[in-house]
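So the structure is just underneath, and the comments pick up after that.
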Amino acid sequence: MSVCPCTSGKAFNTCCGRFIFSSKADLQRKPAAKTPEQLMRSRFTAYALGNYGDYLLATWWPLTSQHLSSVELSQKSCEWVRLDVLEKGQKGNDGWVSFCAWYLDENGSEQAMCERSTFKRENGRWYYVDGDVS
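As structure tokens, then:
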């Protein structure tokens, strides 16, 4: 078993692999993330692995994802190497996660993208709404 890219230390199949799917047909077959942190970790993993644009689009709040396509989201733009969750919170159907996602730049140097992401829950499913990058 491979270790999950979200750096939880768990096996991929028992961590983010439970949620991620590669086609819209799998949406109802796979369980939904139960917390904003689970969703954020699974989305990081989808970006790290590439080719999971349908999952990324399906877990994006519809009003903030209108300009995106699953083809665009499936493209791997860099090598994501680590995820550090800094803070998380939830109140009712609203949630947030602050994190730093580490990647290798074109010179092979580790760089960080830090963000405070916001999430909404609707009909039992969490969705990524947007984020403030610092």
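Take any residue in the sequence shown, count from 1 to its spot, add 3: that is its number in our numbering.
All C-beta atoms in this analysis are idealised placements derived from N, C-alpha and C, irrespective of residue type, glycine included.
Problem set entry | Endpoints, alpha helix (DSSP H) assigned at residue 49 | Residue numbering aside, residue 49 sits at position 46 when the sequence shown is read from its first letter. Note, residue 49: alpha helix (DSSP H), 39-52.
Problem set entry | C-beta contact flag for residue 43 and residue 137 at 9 Å | Within the sequence shown, the letter at position 40 stands for residue 43. Within the sequence shown, the letter at position 134 stands for residue 137. For residue 43 and residue 137, no; Cβs fall outside 9 Å.
Exercise. Is any beta-carbon of chain D found at less than 9 Å from that of residue 122?
Worked result: The structure shown contains no chain D, having only a single protein chain.
Exercise. Should the region 94-112 be regarded as contacting the region 62-70, the criterion being three or more beta carbon pairs within less than 8 Å?
Worked result: no
For this session: Within 10 angstroms of the Cβ of residue 135, are there 16 or more other Cβ atoms? Answer buried if so, exposed if not.
Result: As a position in the sequence shown, residue 135 is number 132, starting the count at 1. In the assembly as shown, residue 135 is an exposed residue. Its beta-carbon has fewer than 16 other beta-carbons within 10 Å.
Exercise. For the alpha helix (DSSP H) that contains residue 75, what are its first and last residues?
Worked result: In the sequence shown, residue 75 corresponds to position 72, counting from 1. From DSSP, the alpha helix (DSSP H) with residue 75 extends over 73-77.
For this session: Identify, in the order they occur along the chain, each residue of the same chain with its Cβ nearer than 7 Å to the Cβ of residue 60, setting aside the five sequence neighbours on each side.
Result: As a working mapping, residue 60 is identified with position 57 in the sequence shown. Excluding its 5 nearest sequence neighbours in each direction, residue 60 has C-beta neighbours in its own chain below 7 Å: 68, 71, 73, 76, listed in chain order.
Problem set entry | Same chain, Cβ closer than 6 Å to residue 53, five either side skipped, listed in chain order | What you label residue 53 is simply residue 50 of the sequence shown in a count that begins at 1. Same-chain partners within the cutoff: 79.
For this session: Select from 106, 14, 58 the residue whose C-alpha is nearest the C-alpha of residue 128.
Result: Along the sequence shown, read from residue 1 onward, the residue named residue 128 stands at position 125. Looking from the CA of residue 128, the closest CA among 106, 14, 58 belongs to 58.
Problem set entry | 9 Å Cβ cutoff met for residue 15 and residue 48 | Taking the first residue of the sequence shown as 1, we reach residue 15 at position 12. Taking the first residue of the sequence shown as 1, we reach residue 48 at position 45. Contact: yes.
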